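Everything on this sheet refers to the single structure shown next.
There are 2 protein chains.
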Amino acid sequence: MRQRLMDATVELLVEKGFGGTTTTLVSERAGVSRGAQLHHFPTKNDLVVAAVSHLTAIRGSDLEAAVARLPRGEGRTEAVVQMLGDHFASDVFTAALELWVAARTDEHLHEAVAPLEQHLGRETHRLTVELLGIDEGRPGTRELVQATLDLVRGLGLANTLGDDARRRRRILTEWARTLDAALRNPQGDDA
Amino acid sequence: MRQRLMDATVELLVEKGFGGTTTTLVSERAGVSRGAQLHHFPTKNDLVVAAVSHLTAIRGSDLEAAVARLPRGEGRTEAVVQMLGDHFASDVFTAALELWVAARTDEHLHEAVAPLEQHLGRETHRLTVELLGIDEGRPGTRELVQATLDLVRGLGLANTLGDDARRRRRILTEWARTLDAALRNPQGDDA
Numbered sequence: 001m002r003q004r005l006m007d008a009t010v011e012l013l014v015e016k017g018f019g020g021t022t023t024t025l026v027s028e029r030a031g032v033s034r035g036a037q038l039h040h041f042p043t044k045n046d047l048v049v050a051a052v053s054h055l056t057a058i059r060g061s062d063l064e065a066a067v068a069r070l071p072r073g074e075g076r077t078e079a080v081v082q083m084l085g086d087h088f089a090s091d092v093f094t095a096a097l098e099l100w101v102a103a104r105t106d107e108h109l110h111e112a113v114a115p116l117e118q119h120l121g122r123e124t125h126r127l128t129v130e131l132l133g134i135d136e137g138r139p140g141t142r143e144l145v146q147a148t149l150d151l152v153r154g155l156g157l158a159n160t161l162g163d164d165a166r167r168r169r170r171i172l173t174e175w176a177r178t179l180d181a182a183l184r185n186p187q188g189d190d191a
Numbered sequence: 001m002r003q004r005l006m007d008a009t010v011e012l013l014v015e016k017g018f019g020g021t022t023t024t025l026v027s028e029r030a031g032v033s034r035g036a037q038l039h040h041f042p043t044k045n046d047l048v049v050a051a052v053s054h055l056t057a058i059r060g061s062d063l064e065a066a067v068a069r070l071p072r073g074e075g076r077t078e079a080v081v082q083m084l085g086d087h088f089a090s091d092v093f094t095a096a097l098e099l100w101v102a103a104r105t106d107e108h109l110h111e112a113v114a115p116l117e118q119h120l121g122r123e124t125h126r127l128t129v130e131l132l133g134i135d136e137g138r139p140g141t142r143e144l145v146q147a148t149l150d151l152v153r154g155l156g157l158a159n160t161l162g163d164d165a166r167r168r169r170r171i172l173t174e175w176a177r178t179l180d181a182a183l184r185n186p187q188g189d190d191a
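If you read the protein sequences in the order shown, they are chains R and X.
Residue numbers for the first sequence follow the UniProt record's numbering, beginning at 1 and rising by one.
Residue numbers for the second sequence follow the UniProt record's numbering, beginning at 1 and rising by one.
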C-alpha cells in the first residue's frame, strides 16, 4: 500500500504539479482509503517528501546497479555521464523539481526538503566519484564532479520544458570527452 | 507605470512563488489602480510573461554591457563564465523558474512561456559565443557552449534552494579552466 501511495504521489506531481496534487487525488489514484492514507501520512507535505525520497533512493540504486555492470576503460566516462543525464531527466527528477520550487516559498516544506536534497546531493556525488573511479584529492577534480552534477541538473530542468534527449546526449558526449581530458591533465598541467 | 508593474511582478514571483502571485497583490505593490493594470495586462499570465521577458532582456543588456568592458586575453573566459553564473543566480532567474515550472502543467501559460524561453535561449547562446570569441564551426565547440549554459542553469536551480555563491564560483573557476583547455584542443586533438 505504501508503494502504491508513493507511486501515485510522484505521478500526480508530474501530471498536475505541486499545487494540483491533493491528498484526495493521491488516495483515489492509489486505491487506498483516506483513513489508511492519513494514518501513514498525516499531511500532504509528509506524503510528497516521503514519495520523492523513496523513489529517488530506488532510482539511485537502479542507477548504481546499471553502471556497476558497465565495462571499465574506454567509453566508461561517457556511459556514466549519459546515465546521470537520463537519471536527471526522469519523472522522479520532475517530481523533485516541483518539490524544490514549492519549498522555496513554503517554510514547512523547506524544512523537510532541504535535508533530503542535501542527502541526495552527497549520495549522488559519492556515487559519481566511485563510478568514474577518480581521485578527488587531485586539485580541481572535486569541482569537475560537482560541475558534472550541476550540468545534468540544468539539462534536467531544460528537459521539463520540452527539451529533447538528442540535444542532451550530444552535449554530454562532448562533456564526457572534455572531462576525460581534464582528468588526465589535472589543474596546472594543461598550460 | 509599466516598469513598476514589471518590477512588482518579479518581486512577488520571487517572494511568494507563481501560486502566491495574484494580480491584486501586484497592483497594490506597484501602486497602480486595478483598472489601469487590467488595461495593460488583462490576465495574470499576460502580466507574468511580460514581466519576466522584460526584466530578462534588461538584465541581458546589462550583462552584455558589463562583459564588453572586460579586457581580452588571460582571464576572460573565467570572467564571462562567472558573470553568466551570477546572471543565472539572480532574482530574474528565480522568477523565470517559477514560470517554467508552472508552465509545465498549465497549457495556456506554456504557450506563452515556450517561445520566450526559446528566444532567450538563442540570445544567451549567441551572446556567450560572442563574448568568448570562439568559432562554433569547430567540432564540439557548440556543445561546450550549450554545456556551459546548462551548467549555469543547474547552478541557478541549486542556488534557489540555499546553495552558496562561494561553491558556485569555485566550480565555475574550474569549468572556465577546463573550457579554455578544451577550446585550445578541439575534438580529436586531445588524445
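We put the beta carbon where it would ideally sit given N, CA and C, even for glycine.
Keep in mind that this is a model prediction, so the values were computed, not measured.
**Where the segment 104-121 of chain X meets chain R: residues whose CB sits under 7 Å from a CB there** = R104, T105, A114 and E117
**Asked** Are the C-beta atoms of X:L84 and some chain R residue less than 8 Å apart?
**Response** no
**Prompt:** Can the beta-carbon of R:A96 be found less than 8 Å from the beta-carbon of R:T128?
**Reply:** no
**Request:** Report the neighbours of X:T160 on chain R: residues whose CB is nearer than 9 Å to its CB, in chain order.
**Result:** W100, V101 and R104
**Request:** Can you tell me which of R:T160, R:G156 and R:T124 puts its alpha carbon nearest to the alpha carbon of R:V145?
**Result:** R:T124
**Item:** C-alpha gap between X:D106 and R:L25, whole angstroms
**Value:** Pairing X:D106 with R:L25, the inter-Cα distance amounts to about 18 Å.
**Asked** For chain X, is any of its Cβ atoms less than 8 Å away from the one on R:K44?
**Response** no
**Nearest-angstrom Cα separation, counted from R:L12 out to R:T94** = 11 Å
**Asked** Whose C-beta lies closer than 8 Å to the C-beta of R:K44 among residues of the same chain, with five residues either side of it excluded?
**Response** T21, T22 and T23
**Beta-carbon proximity check, X:M1 vs X:V32, cutoff 8 Å** = yes
**Request:** Could you have a look at R:A191 and say whether DSSP puts it in helix, strand or coil?
**Result:** Because the pLDDT at R:A191 is just 40, under 50, the model does not fix this residue reliably, and the point stays unresolved.
**Message:** When you compare the CB positions of R:L161 and X:R153, do they come within less than 8 Å of one another, or not?
**Reply:** no
**Request:** Taking R:L144 as the query, report the chain X residues whose CB atoms sit under 9 Å from its CB, ordered along the chain.
**Result:** Residues of chain X passing the Cβ test: I171, E174, W175 and T178.
**Request:** Evaluate the contact criterion for the segment 173-180 of chain X versus the segment 114-122 of chain X: three or more CB pairs, one atom per stretch, below 8 Å.
**Result:** no
**Request:** Would you identify the three-state DSSP class for X:P115, choosing helix, strand or coil?
**Result:** helix
**Asked** What are the start and end residues of the alpha helix (DSSP H) that includes R:I134?
**Response** First-last for R:I134: undefined, no H or E at that position.
**Message:** Just to confirm my understanding: we take R:T173, look at its own chain, exclude 5 residues before and 5 after, and list those with CB closer than 7 Å. What are they?
**Reply:** E78
**Nearest-angstrom beta carbon gap, X:V92 and X:R142 [assumed within contact, 8 Å]** = Not really, about 26 Å apart at Cβ, beyond 8 Å.
**Message:** Considering only the alpha carbon of each residue, which of X:L70, X:A165, X:Q3 and X:R184 lies closest to X:H87?
**Reply:** Measuring from the Cα of X:H87, the nearest candidate turns out to be X:A165.
**Message:** Under DSSP, the alpha helix (DSSP H) around R:S61 begins and ends at which residues?
**Reply:** K44 to A68
**Message:** Does any residue of chain X have a CB that is nearer than 8 Å to the CB of R:A182?
**Reply:** Answer yes: the Cβ-Cβ gap between R:A182 and chain X drops below 8 Å somewhere.
**Prompt:** Which of helix, strand or coil does DSSP assign to X:F93?
**Reply:** helix
**Asked** Taking the C-alpha atoms as reference points, what is the distance between R:L120 and R:E64?
**Response** 14 Å
**Asked** So which residues of chain X does R:L151 contact, with C-beta pairs closer than 8 Å?
**Response** A147, D150, L151 and G154
**Prompt:** In the structure shown, what three-state DSSP assignment does R:D7 receive?
**Reply:** Looking at R:D7 - three-state DSSP - the assignment turns out to be helix.
**Message:** Contact criterion: CB-CB distance below 8 Å. Does R:D190 meet it with respect to chain X?
**Reply:** No answer about R:D190 holds up, because its pLDDT of 44 lies below 50 and its placement is not dependable.
**Message:** Just verifying my parser: in three-state terms, what is the DSSP assignment at R:L179?
**Reply:** helix
**Prompt:** alpha helix (DSSP H) containing R:N159: first to last residue?
**Reply:** T141 to T160
**Request:** Please say whether R:A89 and X:L151 have beta carbons closer to each other than 8 Å?
**Result:** R:A89 is positioned such that its CB atom lies no closer than 8 Å to that of X:L151.
**Item:** Given R:N185 as reference, the closest of R:D135, R:R76, R:E15 and R:A102 once Cα atoms are compared
**Value:** R:D135
**Message:** With a threshold of 8 Å between beta-carbons, can R:G60 be considered close to chain X, or not?
**Reply:** No, its Cβ sits nowhere closer than 8 Å to a Cβ of chain X.
**Prompt:** Who are the Cβ neighbours of R:W175 in its own chain at under 8 Å, not counting the five residues just before and after it?
**Reply:** V81, T148 and L151
**Prompt:** Does the beta-carbon distance from X:G17 to X:E98 come in below 8 Å?
**Reply:** Contact flag set, yes.
**Asked** Three-state secondary structure (DSSP) at R:R72?
**Response** coil
**Prompt:** To the nearest angstrom, how far is it from the Cα of X:R167 to the Cα of R:L84?
**Reply:** 21 Å
**Item:** Limits of the unbroken alpha helix (DSSP H) element including R:V26
**Value:** If you look at R:V26, you'll find it in the alpha helix (DSSP H) that goes T23 to A30.
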